[in-house]
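In my numbering, the protein residues as written are 33 to 352. Note that CB positions come from ideal geometry on N, CA and C, so glycine has one too. On a predicted model such as this, the values are computed, not experimentally measured, just so you know. Right, one structure below, let's go through it.
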């Protein structure tokens, strides 16, 4: 059975799958990234994991993978296949596409940015399916974005398109790792909410999920922290919406797990800020933590499809 290898590399873990052309997951697996062992060990873990998947496909389905796709964090030069920089994994200018291709027997390999790759999957298979223009915004440790246009993800001239987390929404606000102050991700990411709620509650190990539960319980301190984050997020989303005019805003990541505790006030805050713009749909992401892996599979199939993007025709099935 013809299939491709899909790898989603995160700061702490890796998700992988063998994927058919119609989006079905034939096999899935997870491994620790092992970043505590250093950058070289992380790279070897990725290559070894991919080789295991290739061997499994040969044994189980009688043929090796036809291609591979890998999604990684940080700065990515997808055209040259270079993982330019990832602070949490310790690498710089890593020729990951060439290394993977060599380990897998010179099969074609596609390299993508983790958020844009996840956005590709949400656009073709998930919450953005059927929308000709959407913005995918996962709210995790940081905040990034992916701009979807007609079934593809816009990379930008320098590979930085969609970096909504570094829109300044509170000038002079808390310092951000990018060098600015008051960036959206410093106020509305899961990490930012965790930090603010730990301080407000006096509980050092409290996190964003604890804050959401306290909001539901009616705690006024939690409601204040939550509303501050929602207001900052709404300001950032309205700026992006005014520039991009998408039909759909897809919100994912850990903070979106709060469900209507997030979406009810967020929709209201966005609505209040719009003047001439059309109100977009604001919906939760549909694929959860599978999005990056599924998107990596789509990148691999796109390499093998001569005429167009080669999108699967139905939602993927997941097997153990």
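How is residue i classed by DSSP in three states: helix, strand or coil?
i, result
"residue 199", "coil"
"residue 246", "helix"
"residue 39", "strand"
"residue 96", "coil"
"residue 345", "Unreliable positioning characterises residue 345 in this predicted model, as indicated by a pLDDT of 39, which lies under 50. The coordinate reading is nonetheless provided below. Of the three classes helix, strand and coil, the one that applies to residue 345 here is coil, per DSSP."
"residue 338", "Below a pLDDT of 50, predicted positions are generally treated as unreliable, and residue 338, at 48, falls in that range; the measurement from the model is reported next regardless. In this structure, residue 338 counts as coil in the three-state DSSP scheme."
"residue 124", "strand"
"residue 64", "strand"
"residue 215", "strand"
"residue 184", "strand"
"residue 329", "helix"
"residue 57", "strand"
"residue 193", "coil"
"residue 350", "Reliability of the predicted coordinates at residue 350 is poor, the pLDDT of 36 falling under 50, and the value obtained from them is presented with this limitation in mind. Coil at residue 350, not helix or strand."
Just to confirm before moving on: does the CB-CB distance between residue i and residue j stay below 7 Å?
i, j, result
"residue 186", "residue 168", "no"
"residue 103", "residue 64", "no"
"residue 48", "residue 81", "yes"
"residue 99", "residue 89", "no"
"residue 302", "residue 276", "no"
"residue 158", "residue 331", "no"
"residue 194", "residue 179", "yes"
"residue 83", "residue 135", "yes"
"residue 43", "residue 120", "yes"
"residue 171", "residue 45", "no"
"residue 146", "residue 324", "yes"
"residue 353", "residue 282", "In the structure as shown, the chain begins at 33 and stops at 352. Residue 353 is therefore absent and cannot be evaluated."
Which first and last residues belong to the alpha helix (DSSP H) in which residue i is found?
i, result
"residue 274", "252 to 276"
"residue 77", "71 to 93"
"residue 180", "Segment 178 to 181 is the beta strand (DSSP E) holding residue 180; no alpha helix (DSSP H) there."
"residue 292", "292 to 305"
"residue 224", "222 to 233"
Let's test the definition: count the other Cβ atoms within 10 Å of the Cβ of residue i and tell me whether it reaches 16, buried, or not, exposed.
i, result
"residue 351", "Model confidence at residue 351 stands at a pLDDT of 35, short of 50, so the residue's coordinates are unreliable and nothing is read from them."
"residue 217", "buried"
"residue 267", "buried"
"residue 166", "buried"
"residue 151", "buried"
"residue 252", "exposed"
"residue 299", "buried"
"residue 322", "buried"
"residue 51", "buried"
"residue 250", "exposed"
"residue 296", "exposed"
"residue 24", "Shown here, the chain extends from 33 to 352; a query on residue 24 therefore has no answer."
Return the first residue and the last residue of the beta strand (DSSP E) that residue i is part of.
i, result
"residue 280", "280 to 284"
"residue 104", "100 to 104"
"residue 151", "Not the beta strand (DSSP E): residue 151 falls in the alpha helix (DSSP H), residues 146 to 157."
"residue 165", "165 to 170"
"residue 239", "Premise fails: residue 239 is in no beta strand (DSSP E) and is neither H nor E."
"residue 107", "107 to 109"
"residue 51", "45 to 51"
"residue 189", "No beta strand (DSSP E) holds residue 189; DSSP gives it neither H nor E."
"residue 316", "313 to 316"
"residue 114", "114 to 118"
At a threshold of 6 Å, does residue i count as lining the ligand SAM (C-beta to nearest heavy atom)?
i, result
"residue 53", "In the structure on display, the ligand SAM does not appear, and there are no ligands present to speak of."
Open item on the list: Within 8 Å, do at least three Cβ pairs link the region 309 to 322 to the region 277 to 286?
Closed with: yes
Task: Cβ contact check for the region 220 to 228 and the region 258 to 266: 3 or more pairs under 8 Å - done: yes
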